[in-house]
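Q: For what it's worth, the working numbering labels the leading residue of the sequence shown as 29, then goes sequentially.
Got a structure for you, questions after.
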Amino acid sequence: MKNTFTRTVSAATFASTLGAFALGAITFGPALAGETPSAPGTLQYFVNLEDGATLKGPVKVIFGLSGMGVAPAGTEKENTGHHHLLVDRPALGEGEHGPHEFDANLPADDQHIHYGGGQTETTLELAPGTHTLQLVLADKDHIPHNPPVFSEVITITVE
Ligand SMILES: [Cu+2]
Numbered sequence: 029m030k031n032t033f034t035r036t037v038s039a040a041t042f043a044s045t046l047g048a049f050a051l052g053a054i055t056f057g058p059a060l061a062g063e064t065p066s067a068p069g070t071l072q073y074f075v076n077l078e079d080g081a082t083l084k085g086p087v088k089v090i091f092g093l094s095g096m097g098v099a100p101a102g103t104e105k106e107n108t109g110h111h112h113l114l115v116d117r118p119a120l121g122e123g124e125h126g127p128h129e130f131d132a133n134l135p136a137d138d139q140h141i142h143y144g145g146g147q148t149e150t151t152l153e154l155a156p157g158t159h160t161l162q163l164v165l166a167d168k169d170h171i172p173h174n175p176p177v178f179s180e181v182i183t184i185t186v187e
């Protein structure tokens, strides 16, 4: 019952928000997301890296999140999740499993790095060359929220 109420309020609040957040929901569709609600207006972003940057390795990556909190994987707490880094693969929803990536648990491999301890930064050893990075927030079971929370995909070049 509590869960239903929370979702109703969340949906109403969400409907009243403007701009890119609402556009994101239309683009990806409400059915293609996990069951854990995200907080309206949540933003996930790279704190210290800009799209198109050229830098020397190893690459420090600081994860930004506003509107929700970070909690370790397995933690049942409203409006929280843990960071994931997608490396050198298409944007979430455009990978091997298409839009179903939004309602399934993220794989764990070199291209899908989980920060299940609640980490908010990491240092990556990336080979010289061009790489893409995207942050994705996911719930205690590693499933993206509804609506999903993720950063833009950035491309960086490591010298
Ligand atoms: Cu995870």
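Note that CB positions come from ideal geometry on N, CA and C, so glycine has one too.
For S179, which residues of its own chain have a beta-carbon under 7 Å away from its beta-carbon, when the five flanking residues on both sides are left out?
A: Closer than 7 Å at the Cβ level, and outside the excluded window around S179, lie Q72, Y73, F74, Q162, L163.
Q: Once you ignore the five residues that flank I90 on each side, which residues in its own chain have a CB closer than 6 Å to its CB?
A: V75, N76, E149, listed in sequence order.
Q: Determine the DSSP secondary structure at P172, reduced to helix, strand or coil.
A: Strand at P172.
Q: Would the beta-carbon of H111 be found less than 6 Å away from any heavy atom of ligand 1?
A: No, the beta carbon of H111 sits no closer than 6 Å to any heavy atom of ligand 1.
Q: Using the C-alpha atoms, what's the distance from A119 back to L51?
A: Model confidence at L51 stands at a pLDDT of 41, short of 50, so the residue's coordinates are unreliable; what they give is reported in the following sentence. L51 and A119: Cα-Cα distance of roughly 17 Å.
Q: Using 8 Å for Cβ pairs, my map puts H110 next to A166. What's the rounded Cβ distance?
A: About 7 Å; that satisfies the 8 Å criterion.
Q: I'd like to know whether the C-beta atoms of I189 and A81 end up nearer to each other than 7 Å.
A: Shown here, the chain extends from 29 to 187; a query on residue 189 therefore has no answer.
Q: Which residues bound the beta strand (DSSP E) around L71?
A: It spans 71–74 - the beta strand (DSSP E) in which L71 sits, taken as one unbroken run.
Q: Does ligand 1 have a heavy atom nearer than 6 Å to the CB of H170?
A: Within the cutoff, so yes.
Q: Could you check if P156 is buried or exposed, using at least 16 other CB atoms within 10 Å of its CB as the buried criterion?
A: P156 should be labelled exposed.
Q: Starting from T108 and walking both ways along the beta strand (DSSP E), at which residues does that stretch end?
A: Start and end: 108–115.
Q: Going by DSSP in three states, G126 sits in which element: helix, strand or coil?
A: If DSSP states are grouped into helix, strand and coil, G126 belongs with the helices.
Q: Hey, does S94 have any beta-carbon neighbour from chain C nearer than 7 Å?
A: Absent here is chain C; the protein component of the structure consists of one chain.
Q: Mind checking who E149 pairs with in its DSSP beta bridge?
A: BP columns for E149 point to I90.
Q: Mind checking G126: buried by the 16 CB within 10 Å criterion, or exposed?
A: Exposed: under 16 other Cβ atoms inside 10 Å.
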